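Q:
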Amino acid sequence: MGRILIIDDEVALVLLLTDELQSKGHEVLAAYDGNEGVRLAASEPDLVILDIMMPGMNGFEVCRSIRDRVSCPIIFLSARQSEADRVRGLTLGGDDYVIKPFGLRELLARIEANLRREERSRQKPQQQSRLRFGKLELSLKERLVSVAGEPVALTRREYEITELLALHGGQVFSREHIYEKVWGYDAEGDASTVVEHVKKIRAKLAAADPSGDYISTVWGIGYKWTNP
1 MGRILIIDDE
11 VALVLLLTDE
21 LQSKGHEVLA
31 AYDGNEGVRL
41 AASEPDLVIL
51 DIMMPGMNGF
61 EVCRSIRDRV
71 SCPIIFLSAR
81 QSEADRVRGL
91 TLGGDDYVIK
101 PFGLRELLAR
111 IEANLRREER
121 SRQKPQQQSR
131 LRFGKLELSL
141 KERLVSVAGE
151 PVALTRREYE
161 ITELLALHGG
171 QVFSREHIYE
181 KVWGYDAEGD
191 ASTVVEHVKK
201 IRAKLAAADP
211 SGDYISTVWG
221 IGYKWTNP
């Protein structure tokens, strides 16, 4: 069972989800605005359910604020149905995007699926604990990237893309393959979000090591890890 943080200004919805999740044995924390949600995110939840359209700090702003400090799955809830909104949410670090109105059973199934995927990720055996590429090092156990001993602040998705490529150096991965591996086969999103994530990874690695060139673009296909 997990600790689930709900951030939504619809009181009736929060109470309904709280009852349903507690009946399944989950611990539930509730916040009715973005600022309170950011504060409660420090409690290390196992999953966050995040509304987008809230007064004050909206869900996109909350996600941006907590994503570097919270590695758990984030499920966006929103009445905004455009592809641009879905891509924005996933690019900011969301793991799933559910459109209101939604079926309660579907949402509960998505919550359980994300929790299971997170648990499998934590239990995945690591054949080696560290990977080194010149100045860059991946610590697989701690899920950290450092350059010359200094940590690089990657989001959860950025780290997972980096690890996937680094573990298969020289192998070309398409955007769709990366999306399926990192977000999961049942995620409802767009592989174009991978492009934005790779841009951010490259920028962060370049800032830490201007001489390094770790991720190469294979035009028309995807990306591969290049050992410096």
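Going by our numbering, the sequence shown opens with residue 1, and the numbers climb by one from there.
Beta carbons: idealized from backbone N, C-alpha and C, even for Gly.
Note that this is a predicted model, so its numbers are computed, not measured.
Flag this pair as yes or no: are the beta carbons of Arg-267 and Gly-93 separated by less than 8 Å?
A: Nothing can be reported for residue 267, as the shown portion of the chain is limited to 1 through 228.
Q: Give me the residue from Arg-117, Asn-58, Pro-55 and Leu-205 with the minimum Cα distance to Leu-138.
A: Working through the sequence shown from its first residue, we reach residue 138 at position 138. Closest option to Leu-138, Cα to Cα, is Leu-205.
Q: Please look up how many angstroms separate the CB atoms of Cys-72 and Pro-101, rounded, as I've assumed it's under 8 Å.
A: On the sequence shown, residue 72 is found 72 positions in, with the first residue counted as 1. On the sequence shown, residue 101 is found 101 positions in, with the first residue counted as 1. Contact doesn't hold; Cβ gap of about 25 Å is too wide.
Q: Is it right to say Asp-68 is buried, meaning 16 or more other beta carbons lie within 10 angstroms of its own, or is it exposed?
A: Position 68 of the sequence shown holds residue 68. It counts as exposed.
Q: Quick check on this structure: which residue in Met-57, Gly-149 and Ser-43 has the alpha carbon closest to the alpha carbon of Asp-8?
A: Residue numbering aside, residue 8 sits at position 8 when the sequence shown is read from its first letter. Selected option, being the one with the closest Cα: Met-57.
Q: Using the Cα positions of Glu-160 and Val-182, report the straight-line distance between them to the nearest angstrom.
A: Mapped onto the sequence shown, residue 160 falls at position 160. Mapped onto the sequence shown, residue 182 falls at position 182. Rounded to the nearest angstrom, the two C-alpha atoms are 6 Å apart.
Q: Across which residues does DSSP place Glu-44 in a beta bridge pair?
A: As a position in the sequence shown, residue 44 is number 44, starting the count at 1. Answer by DSSP bridge pairing: none, since Glu-44 is not bridged.
Q: Can you tell me whether DSSP reads Leu-15 as helix, strand or coil?
A: Translated into the one-based positions of the sequence shown, residue 15 becomes position 15. Of the three classes helix, strand and coil, the one that applies to Leu-15 here is helix, per DSSP.
Q: If I follow the unbroken beta strand (DSSP E) through Leu-77, where does it start and stop?
A: Against the sequence shown, residue 77 aligns to sequence position 77. Residues 74–78.
Q: Nearest-angstrom Cα distance between Glu-20 and Ser-216?
A: Numbered from 1 along the sequence shown, position 20 holds the residue referred to as residue 20. Numbered from 1 along the sequence shown, position 216 holds the residue referred to as residue 216. C-alpha separation (whole angstroms): 46 Å.
Q: Please classify Val-198 as buried or exposed, where buried requires at least 16 neighbouring CB atoms within 10 angstroms.
A: Taking the sequence shown and counting its residues from 1, one reaches residue 198 at position 198. By the 10 Å Cβ count, Val-198 comes out buried.
Q: Please identify the residue among Leu-50, Ala-41 and Met-54 whose C-alpha is closest to the C-alpha of Val-70.
A: In the sequence shown, residue 70 corresponds to position 70, counting from 1. Comparing Cα positions, the closest option is Ala-41.
Q: Restricting to runs no shorter than 4 residues, where is the alpha helix (DSSP H) found entirely within the stretch 116–172?
A: Counting whole runs of 4 or more residues, the stretch 116–172 contains the alpha helix (DSSP H) stretches 156–167.
Q: Please go through the same chain and pick out, in chain order, the residues whose beta-carbon is closer than 6 Å to the beta-carbon of Thr-193, but skip the five residues on each side of it.
A: Position 193 of the sequence shown, counted from the start, is the residue given in the question as residue 193. Cβ neighbours of Thr-193 beyond the five flanking positions: Val-87, Leu-90 and Thr-91.
Q: According to DSSP, is Trp-219 helix, strand or coil?
A: By one-based count along the sequence shown, residue 219 stands at place 219. Three-state DSSP puts Trp-219 in coil, outside helix and strand.
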